[in-house]
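Each residue of the sequence shown is one higher than the one before, starting from 1 at the first, in full-length UniProt numbering. The C-beta atom is built at its ideal place from N, Cα and C for all residues, glycine as well.
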Amino acid sequence: MSASPVLLRRLGIAVVCLVSLALCCGLAWWQWERFSSASGTFQNLGYVLQWPLFGLFPAFMFWRIRKLRRRAAEADAQETVAETAVPEVPAPRQRRAPVPPPPEDDELAAYNRYLRELNARDK
């Protein structure tokens, strides 16, 4: 009896997640030892806090991808149901009369004339 490809894939992902967590916890322990030594700094302490997070990241990404795929499958199922249903016809929109632009003031009109003159000189 052979295992299905999905089961092998999930098992592989679980192994990668566990190896990643074990490796990163080992690195965190190493940084803790460095922090505890005479030459240790607070940078080593920062790494002690960061390494376990790095180790948990593959598991988080696996969880997040599964969640997004499940949400996409549900959306596809809802879209299929929505396609079979009779769509509602929206009510017609009321047209509004266009609003006339405000009149130009004298200073703006003079500036626009100046720009037109400059444009004419360049051509």
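Query, Result
"Any 3 or more C-beta pairs closer than 8 angstroms across the stretch 55-65 and the stretch 30-46", "no"
"Cβ pair proline 52, cysteine 17 closer than 9 angstroms", "no"
"C-alpha gap between alanine 75 and serine 39, whole angstroms", "56 angstroms"
"Contact under 9 angstroms by Cβ, alanine 3 with leucine 11", "yes"
"Cβ-Cβ separation, phenylalanine 35 to asparagine 44 (assumed contact under 8 angstroms), whole Å", "4 angstroms"
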